[in-house]
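Per the numbering used here: the sequence shown ends with 127, consecutive numbering throughout.
Using N, Cα and C, we set each Cβ at its ideal position, and we do this for glycine too.
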Amino acid sequence: VGRVPSPRTVVLIDHVHGAARRVAPTATAFPHRDAPHGLVILSAWDDPADDGRNVRWTRELAAATRPFATGGAYVNEAWDEKPAAAFGVNHERLVAIKNRYDPTNLFRHNTNIAPTA
């Protein structure tokens, strides 16, 4: 992948442990409690001329780490992921709740769970 192109870029590796792992996957909206770590790539730079190399580096790092991923995503960091990846086994249940309480999709400015109604 090579050296990070911007000093403003951060790669975070979160350790998932303790109480977070003792909650059942279906007890809350967040199901991904069996992964020992979470990875977040926060790429930032100032000059638009650097867009190409920063985006390319970020995508290369994401691709290089994908074989080690469990396939889940944390909703607050799931900008490019589908809601189903963030909510996993709970997605269908959350769609049913959305259908019941927000069928017009008023609350949609987030990692949206779209209603089916």
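For residue 28, there is no enclosing alpha helix (DSSP H), as DSSP gives it neither H nor E. In this model, residue 21 and residue 52 are separated by some 6 Å (Cα to Cα). Counted as a single uninterrupted DSSP element, the stretch harbouring residue 12 is not any beta strand (DSSP E), since DSSP gives it neither H nor E.
When secondary structure is reduced to three states using DSSP, residue 107 falls in the helix class. Under DSSP, residue 49 takes part in a beta bridge, and its partners are 23. With a threshold of 16 other beta carbon atoms within 10 Å, residue 12 falls short and is exposed. Per DSSP, residue 76 lies in no alpha helix (DSSP H) and is assigned neither H nor E.
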